[in-house]
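Encoded as structure tokens, the structure appears first; notes follow it.
2 protein chains.
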Amino acid sequence: MVRLRRRRGALGEMMPASGMDALVAAPAALRMEDVARLAGVSVMTVSRALRAPATVAQPTLARVRAALQETGYLPNLVASGLASSRTQVVAAIIPLISQPFAPTLQGMTDVLRGAAYQLVLGVSHYDPRQEEALVRAFLSRRVDGIALFAGGHTAATAAMLRQAGVPLVEMWADPATEVLVDAVSVPQRLGARDAVRHLVARGRRRIGFIGGSTLHNIRQQSRLRGYLDGLAEAGLPEDVAAREETDGFLMEAGAAALARLLERRPGLDAVCVSSDILAAGVVFEAHRRGLAVPRDLAVTGFDDAEIARAMFPSLTTVDMKAEAMGRQAAAMLLDRARQGGRVDLAAMPARRCDLGHALILRESS
Amino acid sequence: MVRLRRRRGALGEMMPASGMDALVAAPAALRMEDVARLAGVSVMTVSRALRAPATVAQPTLARVRAALQETGYLPNLVASGLASSRTQVVAAIIPLISQPFAPTLQGMTDVLRGAAYQLVLGVSHYDPRQEEALVRAFLSRRVDGIALFAGGHTAATAAMLRQAGVPLVEMWADPATEVLVDAVSVPQRLGARDAVRHLVARGRRRIGFIGGSTLHNIRQQSRLRGYLDGLAEAGLPEDVAAREETDGFLMEAGAAALARLLERRPGLDAVCVSSDILAAGVVFEAHRRGLAVPRDLAVTGFDDAEIARAMFPSLTTVDMKAEAMGRQAAAMLLDRARQGGRVDLAAMPARRCDLGHALILRESS
DNA sequence: TACCTGATCGGTAGCGCTATCAAAGGGTAG
DNA sequence: CTACCCTTTGATAGCGCTACCGATCAGGTA
């Protein structure tokens with residue numbers, strides 16, 4: 001025997017006296033065998049009692065459960081995962097842990113909890129290389145599914161995913177974007193167009209746009225396009241100087257962007273902002289400058305984050321159904337995972353779930 | 366042979382013709398053996414090249430790495446975890462995915478990424494029973510460490526953790542709270558006292574308090590106590606009717622709490638609020654009612670969340686160093702995990718790391 | 001009585017890695 | 001030239017569980 005079985009054997013295997021000291025407090029975790037012995041059954045029966053209780057006779061099941069209770073046995077899911085090649089874990093890769101992605105995560109964990117799945121988290125910081133590294137790590141862990149944000153994947157990422165054949169779902173897609181397989185989407189472009197349409201209906205004509213970097217970020221791309229759609233539809237001229245890109249997605253970035261924008265185009269009477277967080281910053285900056293919202297400047301946001309509802313003035317916004325998106329993504333992942341086996345991204349009919357969009361009118365416009 | 370080795374054997378093991386159909390697209394993941402064969406070494410050498418490259422001779426290492434590259438091999442960390450009884454995963458259990466906990470998570474993932482550890486996430490919704498279920502699940506997964514929020518554990522949770530002997534760290538503790546082993550804390554009680562002290566120095570005398578439920582939540586408990594300390598120190602009377610408990614931790618809950626509070630105590634000239642999110646809601650509600658902040662009502666928050674810095678008026682707050690707390694917690698966990706072996710909570714000298722506190726003065730007071 | 005069926009349970013052989021020991025080679029001190 | 005040590009590599013035996021096949025047995029059928 002090469003590896004020492006550090007188990008208190010039923011007598012006989014006592015350590016030499018010195019061992020008592022060296023091995024302080026090393027009770028070693030219980031194994032199924034221990035439970036089985038106590039219940040007077042085989043390990044397989046214990047395994048079945050845990051995995052498929054319906055296949056075990058009532059009296060036996062009761063005995064096993066009593067033994068489980070008595071020992072406080074915690075199954076080793078690592079061994080289980082190796083033996084069954086199913087880990088009961090799904091991974092999520094998000095750009096940042098912040099609004100509006102936190103509700104998506106929340107939705108996912110809520111659904112997964114009900115199915116006894118766990119969620120491993122990866123944060124990509126909007127960097128395709130980091131996403132690639134995360135995908136690699138998660139595939140190495142043999143997760144049963146991966147949820148990621150649509151768009152901005154490296155070629156290597158796509159190749160690995162295709163090769164691994166793991167259930168996959170992309171979130172926060174726009175219906176028009178190309179995806180790998182399954183996707184949950186919200187029509188972001190239409191949403192932005194509707195926001196502009198609404199501002200036009202309110203009599204605004206000098207409508208600016210503030211958004212995050214569109215690099216590797218298809219959400220920002222879609223929203224910008226929707227804004228341009230809205231201008232075109234209303235016959236308003238496109239004005240590059242009326243658009244400003246933020247540095248990051250914090251409120252302060254929104255505030256700074258408005259400051260720069262107003263320097264160039266002081267006459268703006270409305271701004272379409274590509275995120276509620278940025279929009280909140282825009283409103284704060286407007287107030288700081290003595291501009292009244294919406295009287296002097298109308299503002300629309302995106303996502304329907306908590307702050308949009310709560311702030312004063314409350315924020316007109318496009319509901320991205322962030323939490324529902326998480327729930328839906330988790331459900332789709334579980335569905336694929338439960339079918340078991342490889343998922344062939346090439347052959348598989350892609351499933352898309354579109355959650356629809358809704359402009360929510362509030363005080364800021 | 367019982368279990369079918371579904372591998373393209375080097376000839377010989379061909380499936381019967383019908384198999385071709387049944388087994389569409391089942392390339393099966395590569396194993397170390399495949400890499401080893403290609404590199405002309407044993408599997409152990411591949412394992413070493415991956416885990417401990419320094420112990421492999423340069424030319425061999427190069428050959429193995431080439432083979433690794435060529436095959437695109439992804440190590441199976443499940444098998445690795447079983448064999449080595451180290452999973453390279455740590456778990457975090459947080460009450461909610463929201464401010465101010467999101468930065469803590471962010472800090473943790475940042476540190477863990479550098480150490481090739483992954484983070485599994487659990488959300489307890491402030492419910493000790495859910496926390497218990499999560500701890501059970503994580504222990505079953507044999508995570509290498511668990512970070513949880515201090516306080517509010519069930520007896521069973523504590524017992525399991527003690528029994529499992531897994532590295533542990535509690536976050537968001539107050540230095541005075543009792544913890545299981547290691548903890549990262551911030552003096553929340555002192556922080557709240559300082560906030561009140563500051564309001565008093567600004568000439569405020571009718572100072573109210575708005576906080577979340579103190580049930581299972583030692584952070585809220587500490588902050589409330591600090592507020593009372595502050596009043597006592599200034600010789601101000603304790604007034605139960607000047608305190609209001611919120612329903613949840615959203616901005617709207619803060620707004621609603623202020624509304625109730627002002628109904629009972631319309632003459633308040635300051636409110637000490639136990640979270641920036643709630644405090645933002647309080648400020649919004651004040652504005653909605655035509656009260657100027659800080660002229661008519663001074664407001665202090667807690668946590669130094671993004672909104673405290675960004676909003677107008679910006680929020681005086683107590684910095685909880687949320688992200689640093691996450692970083693520190695992850696570092697302490699890794700330190701314990703790398704030492705390997707069981708952690709005996711009873712015998713182990715507890716380590717506490719106190720990050721200090723800081724009142725940040727801004728416009729709202 | 002012989003045979004079949006379905007429910008229940010156990011034995012065994014892995015799952016894909018790593019820990020441990022053993023062996024082989026090369027250098028070097030005596 | 002021998003003894004010894006260090007470096008490098010390989011062979012082997014698990015890690016703790018589950019998939020698979022078989023065995024057993026009660027009950028029903030022909």
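Top line first, the protein sequences correspond to chains A and B.
Counted the way this note's numbering counts, the first sequence spans residues 1 to 365.
Counted the way this note's numbering counts, the second sequence spans residues 366 to 730.
For each residue, glycine too, the CB sits at the ideal point set by N, CA and C.
The structure presented is a predicted model; accordingly, all values stated were derived computationally and were not measured.
Determine the contact status of ALA620(B) and ARG588(B), defining contact as a CB-CB distance below 8 Å. no
How should ARG608(B) be labelled, buried or exposed, when 16 other C-beta atoms within 10 angstroms of its C-beta is the threshold for buried? buried
Could you give the distance in angstroms between the alpha-carbon of PRO53(A) and the alpha-carbon of LEU61(A)? 7 Å
In terms of DSSP beta bridges, what is PHE574(B) paired with? PHE574(B) pairs with ARG608(B), CYS637(B).
Once you ignore the five residues that flank ALA39(A) on each side, which residues in its own chain have a CB closer than 6 Å to its CB? Taken in chain order, the residues that qualify are ARG63, VAL64, ALA67.
Could you give the first and the last residue of the continuous beta strand (DSSP E) run that contains GLU170(A)? 168-173
Can you look up PHE677(B) in the DSSP assignment and give me helix, strand or coil? Assignment of PHE677(B) by DSSP, reduced to helix, strand and coil, places it in the coil class.
By DSSP, does ARG113(A) sit in helix, in strand, or in coil? Under the three-state reduction of DSSP output, ARG113(A) falls in the helix class.
Taking just the CA atoms, how far does VAL271(A) sit from GLN220(A)? The alpha-carbon separation between GLN220(A) and VAL271(A) amounts to approximately 15 Å.
Between LEU231(A) and VAL196(A), how many whole angstroms is the CB-CB distance? I'm expecting something under 8 Å. 6 Å
I'd like the list of long-range same chain contacts for ALA241(A), defined as Cβ closer than 7 Å, with 5 residues on each side in sequence excluded. ARG264, ARG265
Just to confirm, is the Cβ distance from LEU615(B) to ALA651(B) under 8 Å? No.
Tell me GLN118(A)'s beta-bridge partners as DSSP assigns them. VAL89(A)
Distance, Cα to Cα, HIS357(A) vs LEU439(B)? 40 Å
So who's on the other strand from PRO664(B), going by DSSP bridges? In the sequence as displayed, the identity of residue 664(B) is Val instead of Pro. According to DSSP, which records beta bridges pairwise, VAL664(B) is partnered with VAL636(B).
Can you find the residues in the same chain that come closer than 8 Å, C-beta to C-beta, to PHE574(B), ignoring five residues on each side of it along the sequence? LEU589, TYR592, ALA607, ARG608, GLU609, VAL636, CYS637, VAL638, SER639
At least 3 beta-carbon pairs within less than 8 Å: the segment 166-176 of chain A vs the segment 464-479 of chain B: no
Going by DSSP, what residue range makes up the alpha helix (DSSP H) through THR45(A)? Here the alpha helix (DSSP H) through THR45(A) covers 43-51.
Determine whether the beta carbon atoms of ARG352(A) and THR316(A) lie at a separation below 8 Å. no
Cβ-based burial, GLN118(A) [other Cβ within 10 Å; buried from 16]: Its Cβ being crowded by 16 or more others within 10 Å, GLN118(A) is buried.
Would ARG373(B) pass as an interface residue toward chain A - the criterion being a Cβ-Cβ separation below 8 Å? Caution is warranted here: a pLDDT of 39 is assigned to ARG373(B), below 50, making its placement in the model unreliable, and the coordinate value is therefore given only provisionally. Any Cβ of chain A closer than 8 Å to the Cβ of ARG373(B) would place that residue at the interface, and such an atom is absent.
So, are the CB atoms of GLN423(B) and ILE97(A) less than 8 Å apart? no
List the residues of chain A whose Cβ lies closer than 7 Å to the Cβ of HIS652(B), in chain order. At a beta-carbon threshold of 7 Å, the residues of chain A lying near HIS652(B) are PHE312, ordered along the chain.
Whose CA, out of ARG295(A), THR87(A), PHE101(A), lies closest to the CA of HIS125(A)? Of the candidates ARG295(A), THR87(A), PHE101(A), PHE101(A) places its Cα closest to the Cα of HIS125(A).
At the 8 Å Cβ level, is ARG507(B) part of the contact set with chain A, yes or no? yes
What residues from chain B crowd round GLN106(A), counting only those whose CB sits closer than 9 Å? LEU461, ILE462, SER463, VAL488
So which residues on chain B does MET325(A) lean against when the C-beta distance must stay under 8 Å? Near MET325(A) there are no residues of chain B at all, since even the closest Cβ is about 14 Å away, more than 8 Å.
Within 8 Å (strictly less), CB to CB, does GLY290(A) reach chain B? no
Start and end of the alpha helix (DSSP H) containing VAL443(B)? 442-449
Spatial distance of THR420(B) from ALA448(B) (CA atoms): The alpha-carbon of THR420(B) is positioned some 20 Å away from that of ALA448(B).
For MET160(A) versus VAL135(A), is the C-beta distance shorter than 8 Å? yes
By Cβ distance below 7 Å, which residues in the same chain neighbour LEU555(B) in space, the five residues on each side in sequence not counted? Within the same chain, GLY591, HIS722 come within 7 Å of LEU555(B) by CB-CB distance, once the 5 residues on both sides are set aside.
Residues that VAL120(A) contacts on chain B, provided the C-beta gap is smaller than 8 Å: VAL454, GLN483, LEU484, VAL485, LEU486
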